[in-house]
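In the working numbering, the protein residues as written are 204 to 655. Each residue gets a CB set at the ideal place from its N, CA and C atoms; glycine is no exception. Here is the structure we will look at, set down as structure tokens.
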Amino acid sequence: MAALLPWTKDGSDDASSPTGRFRLEAALGRDPVKDPHERPPHAHGPQVSDPGGDEPDVVIVGGGCIGLGTAWRAARAGLRVTLADPHPGAGASWAAAGMLAPVTEVHYGEEDLLRLNLTSAARYPSFVAELEREAETTVGYRRCGTLFVAADSGDRAVLEELHQFQQSLGLEVHVLSGRECRSLEPMLAPGIRGGILAPGDHQVDNRRLAPALVTAAMRRGVAIRRTAVVEVVVTDGRASGVRLEGGEVLDAGTVVLAAGCWSGSIPGPPTGALPALRPVKGQIVHLRGPAHPPFLSRNLRGVAQGSQVYLVPRQDGRVVLGATVEEKGYDTAITAEAVYTLLRDAHQLLPGVLELELAETHAGLRPASIDNAPLLGPSSLPGLVIATGHYRNGVLLTPVTADAMATYLATGRLEEDVTPFSPARFGDPGSGRRLDGAAGPAGRIEGGELVR
204 MAALLPWTKD GSDDASSPTG RFRLEAALGR DPVKDPHERP PHAHGPQVSD
254 PGGDEPDVVI VGGGCIGLGT AWRAARAGLR VTLADPHPGA GASWAAAGML
304 APVTEVHYGE EDLLRLNLTS AARYPSFVAE LEREAETTVG YRRCGTLFVA
354 ADSGDRAVLE ELHQFQQSLG LEVHVLSGRE CRSLEPMLAP GIRGGILAPG
404 DHQVDNRRLA PALVTAAMRR GVAIRRTAVV EVVVTDGRAS GVRLEGGEVL
454 DAGTVVLAAG CWSGSIPGPP TGALPALRPV KGQIVHLRGP AHPPFLSRNL
504 RGVAQGSQVY LVPRQDGRVV LGATVEEKGY DTAITAEAVY TLLRDAHQLL
554 PGVLELELAE THAGLRPASI DNAPLLGPSS LPGLVIATGH YRNGVLLTPV
604 TADAMATYLA TGRLEEDVTP FSPARFGDPG SGRRLDGAAG PAGRIEGGEL
654 VR
């Protein structure tokens, strides 16, 4: 089946136009904005509530960028949506740096994830244009590129290996000498040995993106309940809603779990229906320098004696420095060691970094799956949809995830871009975990639907 065409660049509200903002497959022959309650039957897919009732079609658990983006897009598709989160826009979405850098963050063995990252990056300009228009604000989106530099000859060998891998994937990158790097970023240390320029990388201010998504979602009719979900309610073998803190039950046709690393521990679903996730702690430092001239003009990544660090400059003079990668459970304490290490490594690349104001330190928990790739699509429990596990790419993957989840919620079919990231990919869809050779049929996606 051909991929869906979920969102147009102009964000037009004319659903009958060839450039309408949300289009289902031609085989459906209808637009969900016109008729959101008509769709083909799916035994295990999403259900729409009674058109004359008050209950939502969808309840989304989690108000980070992924949950908020999904809520906004689903509401634009004509669905009635409620989102529950005590602090929308907080958590990992607040702690992120907002660097949209699929080219310089590519890793061996993650080619499928790279394709998804590139797809989402390509959607960012139109996604932001629509969001800024509906929320009547700006989100600090910049197409500035990323410069990846090496502090010494050993670090340069790391970059040379990365460059060969990037070239093998057909990515647009340019090798620069140390002198050429310093001509782009004069604050770099004189000893910088060289670098790689990825002109297609960009950035967004995640601390402006999340509030804009809240505004846009609410203007589309999304009800935001600022309270915690304590249970997914299961009725007759199907997720039928959620129980809020305080006891209130919200009935819904479909429940979407987008609660980051907490998505795997919400009570209610049967054993194995929830995603297998782990929290990965990341500490960041916010610095403040002059806006004019800026301390940096583009995203900067660097290798300093084997340690990697990045700096993301904002247009108001702020610079986000990050980030640690720590497997320490749900601990979010700020440590002196982490702040010292980040500043030490940044200093080797940019000696002037120590003259900037120390504005803030923060820690967040990235939701990581078994293979560090997202979990997107229906779970083994009918009526329960998973949208989490984005690890270090949550902000980057917001557009493609929001589009794909809205498409699934409106049509019962997954976009082809996200089918490699089904929660069933680890084996038995009832367990949500890798089988490690155990017997039993594996779940798979066929024609955009979960097959057991």
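Separation of Pro249 from Thr614, as counted between CA atoms: Locating residue 614 in the sequence shown gives position 411, counting from the first residue. Locating residue 249 in the sequence shown gives position 46, counting from the first residue. Going by the C-alpha atoms only, they are around 8 Å apart.
Cβ pair count under 8 Å reaching 3, the segment 345 to 361 against the segment 439 to 448: no
Inter-residue CB distance, Val458 and Glu530 (contact presumed, cutoff 8 Å): Position 255 of the sequence shown, counted from the first residue, corresponds to residue 458. Position 327 of the sequence shown, counted from the first residue, corresponds to residue 530. Contact doesn't hold; Cβ gap of about 29 Å is too wide.
Per DSSP, the bridge partner or partners of Thr474: Against the sequence shown, residue 474 aligns to sequence position 271. DSSP output for Thr474 lists no bridge partner at all.
Cβ neighbours of Glu314 in the same chain (closer than 6 Å, five flanking residues each side left out): Sequence index remark: in the sequence shown, residue 314 carries index 111 (1-based). So the list is empty, once near-sequence residues are dropped.
Runs of alpha helix (DSSP H) wholly within the segment 340 to 423 (minimum 4 residues, chain order): 356 to 371, 381 to 387, 409 to 422
Bounding residues of the beta strand (DSSP E) (the contiguous stretch that carries His489): Taking the sequence shown and counting its residues from 1, one reaches residue 489 at position 286. Counting along the chain, the beta strand (DSSP E) containing His489 begins and ends at 481 to 491.
Spatially closest choice to Arg346 from Tyr327, Leu334, Arg336, Thr340, by CA coordinates: Numbered from its first residue, the sequence shown carries residue 346 at position 143. If we check each option's Cα against that of Arg346, Tyr327 comes out closest.
6 Å Cβ shell around Pro554 - same chain, five flanking residues per side excluded: Walking along the sequence shown from the start, residue 554 turns up at place 351. Cβ neighbours of Pro554 beyond the five flanking positions: Ala392.
Pick from Asp454, Leu387, Ala627, Asp620 that is closest to Thr322, judged by C-alpha positions: One-based indexing of the sequence shown puts residue 322 at position 119. Considering only alpha carbons, the answer is Asp620.
Straight-line Cα distance separating Thr527 from Ala246: Position 43 of the sequence shown, counted from the first residue, corresponds to residue 246. Position 324 of the sequence shown, counted from the first residue, corresponds to residue 527. With a pLDDT of only 39 at Ala246, under 50, the local geometry of the prediction cannot be trusted, and no value is derived from it.
CB contact flag (Val506, Ala287, <8 Å): Taking the first residue of the sequence shown as 1, we reach residue 506 at position 303. Taking the first residue of the sequence shown as 1, we reach residue 287 at position 84. Contact flag unset, no.
Proximity of Leu584 and Pro626 at Cβ, strictly below 8 Å: Locating residue 584 in the sequence shown gives position 381, where the first residue counts as 1. Locating residue 626 in the sequence shown gives position 423, where the first residue counts as 1. Against a cut-off of 8 Å, the Cβ pair of Pro626 and Leu584 comes out as no contact.
Three-pair Cβ contact test at 8 Å for the segment 557 to 566 versus the segment 274 to 293: no
Buried versus exposed call for Leu227 [16 or more other C-beta atoms within 10 Å across all chains shown]: The count along the sequence shown starts at 1 and reaches residue 227 at position 24. The predicted position of Leu227 is uncertain, since its pLDDT is 31 and thus under 50; no value can be drawn from it.
Supposed close pair Gly373, Gly397 - CB separation, criterion 8 Å: In the sequence shown, counting from the first residue as 1, residue 373 sits at position 170. In the sequence shown, counting from the first residue as 1, residue 397 sits at position 194. No, Gly373 and Gly397 are not in contact; Cβ-Cβ is about 22 Å, not under 8 Å.
Proximity below 8 Å, CB of Val512 to CB of Leu545: Sequence index remark: in the sequence shown, residue 512 carries index 309 (1-based). Sequence index remark: in the sequence shown, residue 545 carries index 342 (1-based). Taking 8 Å as the Cβ cut-off, Val512 and Leu545 qualify as a contacting pair.
Residue environment, Asp606, which counts as buried when at least 16 other CB atoms sit within 10 Å: As a position in the sequence shown, residue 606 is number 403, starting the count at 1. Buried is the call here.
Among Arg423, Val435, Arg385, the one whose alpha carbon lies nearest that of Trp275: Walking along the sequence shown from the start, residue 275 turns up at place 72. Among Arg423, Val435, Arg385, the Cα nearest to that of Trp275 belongs to Arg423.
Runs of alpha helix (DSSP H) lying entirely within the segment 538 to 594, each at least 4 residues, in chain order: 539 to 552
Beta-carbon separation (whole angstroms), Arg521 vs His489, contact threshold 8 Å: Taking the first residue of the sequence shown as position 1, residue 521 is located at position 318. Taking the first residue of the sequence shown as position 1, residue 489 is located at position 286. At roughly 6 Å, the Cβ-Cβ gap stays under 8 Å, so Arg521 and His489 are in contact.
Among Ala476, Glu558, Gln508, Gln486, nearest to Ala539 - alpha-carbon criterion: Walking along the sequence shown from the start, residue 539 turns up at place 336. Among Ala476, Glu558, Gln508, Gln486, the Cα nearest to that of Ala539 belongs to Gln486.
Counted within 10 angstroms of its Cβ, other Cβ atoms place Ser371 as buried (16 or more) or exposed: Taking the sequence shown and counting its residues from 1, one reaches residue 371 at position 168. Label assigned to Ser371: exposed.
C-beta atoms of Val342 and Leu334 nearer than 8 Å: If you number the sequence shown from 1, residue 342 lands on position 139. If you number the sequence shown from 1, residue 334 lands on position 131. Yes; because the gap between Cβ atoms is below 8 Å, this pair is in contact.
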